[in-house]
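Numbering (my numbering), first residue to last: 15 to 425.
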Amino acid sequence: MTPIQPIRGTRDLIGEDIRRHRQVIETARRITETYGFEEWVTPIFEDTRVFSRTLGDTSDVVTKEMYTFADRSGESLTLRPEATAGICRALVSNGLTQSLPQKIFFSGPMFRYERPQKGRYRQFHQIDIELIGRSHPLADAEVIACGFAILEALGVAGEIVLEINTLGDTESRNAYRAALVSYFAAHRDALSVESRARLERNPLRILDSKEPADQEILAEAPAIGPHLTANAAAFYEGVKEGLTRFGVPFRENPRIVRGLDYYSHTAFEFVTTHLGAQGTVMAGGRYDGLVAEMGGPPTPAVGWAAGIERLAMLLTEAPPALRPVAVVPVSAAVEAASVDILRRLRAAGIRAEMEYQGNLRRRMERANRIGARAAVILGEDDMARGAVQLKDLASGAQEEVPVMELVGRLL
RNA sequence: GCGGGCGUAGCUCAGGUGGUAGAGCGCCAGAUUGUGGUUCUGGAUGUCACGGGUUCGAGUCCCGUCGCUCGCCCCA
Numbered sequence: 015m016t017p018i019q020p021i022r023g024t025r026d027l028i029g030e031d032i033r034r035h036r037q038v039i040e041t042a043r044r045i046t047e048t049y050g051f052e053e054w055v056t057p058i059f060e061d062t063r064v065f066s067r068t069l070g071d072t073s074d075v076v077t078k079e080m081y082t083f084a085d086r087s088g089e090s091l092t093l094r095p096e097a098t099a100g101i102c103r104a105l106v107s108n109g110l111t112q113s114l115p116q117k118i119f120f121s122g123p124m125f126r127y128e129r130p131q132k133g134r135y136r137q138f139h140q141i142d143i144e145l146i147g148r149s150h151p152l153a154d155a156e157v158i159a160c161g162f163a164i165l166e167a168l169g170v171a172g173e174i175v176l177e178i179n180t181l182g183d184t185e186s187r188n189a190y191r192a193a194l195v196s197y198f199a200a201h202r203d204a205l206s207v208e209s210r211a212r213l214e215r216n217p218l219r220i221l222d223s224k225e226p227a228d229q230e231i232l233a234e235a236p237a238i239g240p241h242l243t244a245n246a247a248a249f250y251e252g253v254k255e256g257l258t259r260f261g262v263p264f265r266e267n268p269r270i271v272r273g274l275d276y277y278s279h280t281a282f283e284f285v286t287t288h289l290g291a292q293g294t295v296m297a298g299g300r301y302d303g304l305v306a307e308m309g310g311p312p313t314p315a316v317g318w319a320a321g322i323e324r325l326a327m328l329l330t331e332a333p334p335a336l337r338p339v340a341v342v343p344v345s346a347a348v349e350a351a352s353v354d355i356l357r358r359l360r361a362a363g364i365r366a367e368m369e370y371q372g373n374l375r376r377r378m379e380r381a382n383r384i385g386a387r388a389a390v391i392l393g394e395d396d397m398a399r400g401a402v403q404l405k406d407l408a409s410g411a412q413e414e415v416p417v418m419e420l421v422g423r424l425l
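Next up, the structure:
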């Protein structure tokens, strides 16, 4: 019979893969806690409108990448393609717009129907933080600083660069968009086909085109700076000052834009050159318009998301598996006593295992195979003395230890 | 959605020009019935991704499908 294959773009996390994955999540959980973020868990699927209403009609995520289906009652549901929309829905659903600010840490699976590639899967996983209810530039700086701290704790910050930009407020962005459209329209014939299409739908996106045909035109394209309102310019300065104060190095990149419509002001990406085309490892920005889109009051917010798979790939070495202690009864007569020892070790928080079958040699082999750091060998004569043989499996040294002292020796 | 590369044992891979499948690692057993790792000996690896075609004969050539991978696209 032909074995059933895993769904395209999904993968099993086993062994080293899950240890890397956990390392990312647990590091993020620990660091975000010190920054005052609290973990939320929201449903993996939502009413389709949670995403269609907020992500914008022009985004590819909504138009062709969502896993959308009707449930048995005919309601349209969607497996979440990103975290922020669901978090904002939860904020409104739980009446928490009355209890601001909220600082949220989040991690879990996301789903997008994309062509799989290195670091890109159809079920992928993100860590995400959101700071909702503060419009001060220090909020942006703190959110970015927290992300940077996680990258540092993972030991990958050295190969990653933070790039930031501002999209301005609505007034700034409209003025800038108009300037871009008139500039690109004047060079329309030289633009790539894709970029000509974007000119109608989403002209800002032309800025991060990788088409060689566009590069020359982009080099001379107007920057947003002159179009920023005084407020927007001051806000951007405030964010940069804040980053300096938090000790986060950054580089300004006027080409950073956002594909989703609800962003304003700060946009940023942590980028590495180590992952080929999928080089953005953590990205986010300010989205002051989103909570209102979800039916709540106008509420400022800033956050980021990061791909766990990509971070896991950047970890230079996988965290090692926890090495157990192997309990080895020499004969069936001491099996019950061995289980007592097993229980005693586990109750003390020591990872301990016992093989159920095979002779002594077989069980010692097994102890070695599971990477045990030590073997606790119990024979009938040992039991009579209230002792065990404790063998260090690295050095091979073995000595007799009274059962009462065993836990202390292994902690 | 578009383009390139690749699918042979559990893993990593070898198999000029077509002639019924191999290595290393790992696995199992023994040397060794109260002591693992090292060593030695023996053993099993398999619809050659799947389906069709060409041929006396296909792992090898052709077509299709599926999957993986790299890039494009897209993206927190």
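Note that CB positions come from ideal geometry on N, CA and C, so glycine has one too.
Can you list, in chain order, the residues of its chain whose CB lies under 6 Å from that of residue i, leaving out five sequence neighbours each side?
i: Glu-234; result: none
i: Leu-218; result: Val-271
i: Tyr-301; result: Tyr-276, Tyr-277 and Ala-315
i: Ala-199; result: none
Secondary structure at residue i, three-state DSSP: helix, strand or coil?
i: Gly-422; result: helix
i: Asp-26; result: coil
i: Ser-278; result: strand
i: Arg-357; result: helix
i: His-150; result: coil
i: Val-271; result: coil
i: Lys-132; result: coil
i: Gln-116; result: strand
i: His-241; result: helix
i: Met-139; result: Contrary to the premise, residue 139 reads as His rather than Met in this sequence. If DSSP states are grouped into helix, strand and coil, His-139 belongs with the strands.
i: Thr-56; result: coil
i: Gly-299; result: strand
i: Met-308; result: coil
Do you know offhand how far residue i's Cα is from residue j's?
i: Gly-293; j: Thr-48; result: 28 Å
i: His-241; j: Pro-333; result: 48 Å
i: Arg-265; j: Val-285; result: 11 Å
i: Leu-145; j: Arg-377; result: 53 Å
i: Ala-347; j: Val-353; result: 12 Å
i: Val-341; j: Ala-366; result: 7 Å
i: Glu-402; j: Ala-335; result: Per the sequence shown, residue 402 should be read as Val rather than Glu. So the alpha carbons of these two residues sit roughly 26 Å apart.
i: Phe-51; j: Arg-269; result: 30 Å
i: Glu-230; j: Ala-42; result: 40 Å
i: Met-15; j: Leu-404; result: Its pLDDT being 48, under 50, Met-15 is placed unreliably in this model, and the value from its coordinates should be taken loosely. For Met-15 and Leu-404, the distance between alpha carbons rounds to 48 Å.
i: Pro-236; j: Arg-191; result: 10 Å
i: Phe-249; j: Pro-151; result: 6 Å
Along the chain, where does the beta strand (DSSP E) containing residue i start, and where does it finish?
i: Asn-179; result: 174-180
i: Asp-61; result: 59-61
i: Ile-391; result: 388-392
i: Glu-367; result: 366-368
i: Phe-83; result: 81-84
i: Thr-184; result: Where Thr-184 is concerned, there is no enclosing beta strand (DSSP E), although the alpha helix (DSSP H) it sits in stretches over 184-200.
i: Thr-98; result: Where Thr-98 is concerned, there is no enclosing beta strand (DSSP E), although the alpha helix (DSSP H) it sits in stretches over 98-107.
Between residue i and the rest of its own chain, which residues show a CB-CB distance below 7 Å, the 5 nearest in sequence each way excluded?
i: Pro-95; result: Phe-65, Val-75, Glu-79, Met-80, Met-124, Phe-125 and Arg-126
i: Pro-343; result: Glu-349, Ser-352 and Leu-392
i: Ala-189; result: His-241
i: Gly-309; result: Val-106
i: Ala-153; result: Leu-145 and Val-316
i: Ile-101; result: Trp-54, Thr-56, Ile-118, Phe-120 and Glu-144
i: Tyr-135; result: Gly-23, Thr-24, Arg-25 and Glu-323
i: Ala-361; result: none
Indicate, with yes or no, if the ligand MN has a heavy atom lying under 7 Å from the CB of residue i.
i: Arg-67; result: No copy of the ligand MN occurs in the structure displayed, which carries no ligand at all.
Spatial neighbours of residue i within its chain, please: CB distance less than 8 Å, with the 5 preceding and 5 following residues excluded, ordered by chain position.
i: Gly-169; result: Leu-329 and Thr-330
Which first and last residues belong to the alpha helix (DSSP H) in which residue i is found?
i: Leu-328; result: 322-328
query: Between the region 359-374 and the region 394-411, do three or more beta carbon pairs fall short of 8 Å?
result: no
contact_flag[the region 320-328, the region 29-42] where n(CB pairs < 8 Å) is 3 or more: yes
- prompt: For the region 162-180 against the region 53-68, are there 3 or more C-beta pairs whose distance is under 8 Å?
  reply: no
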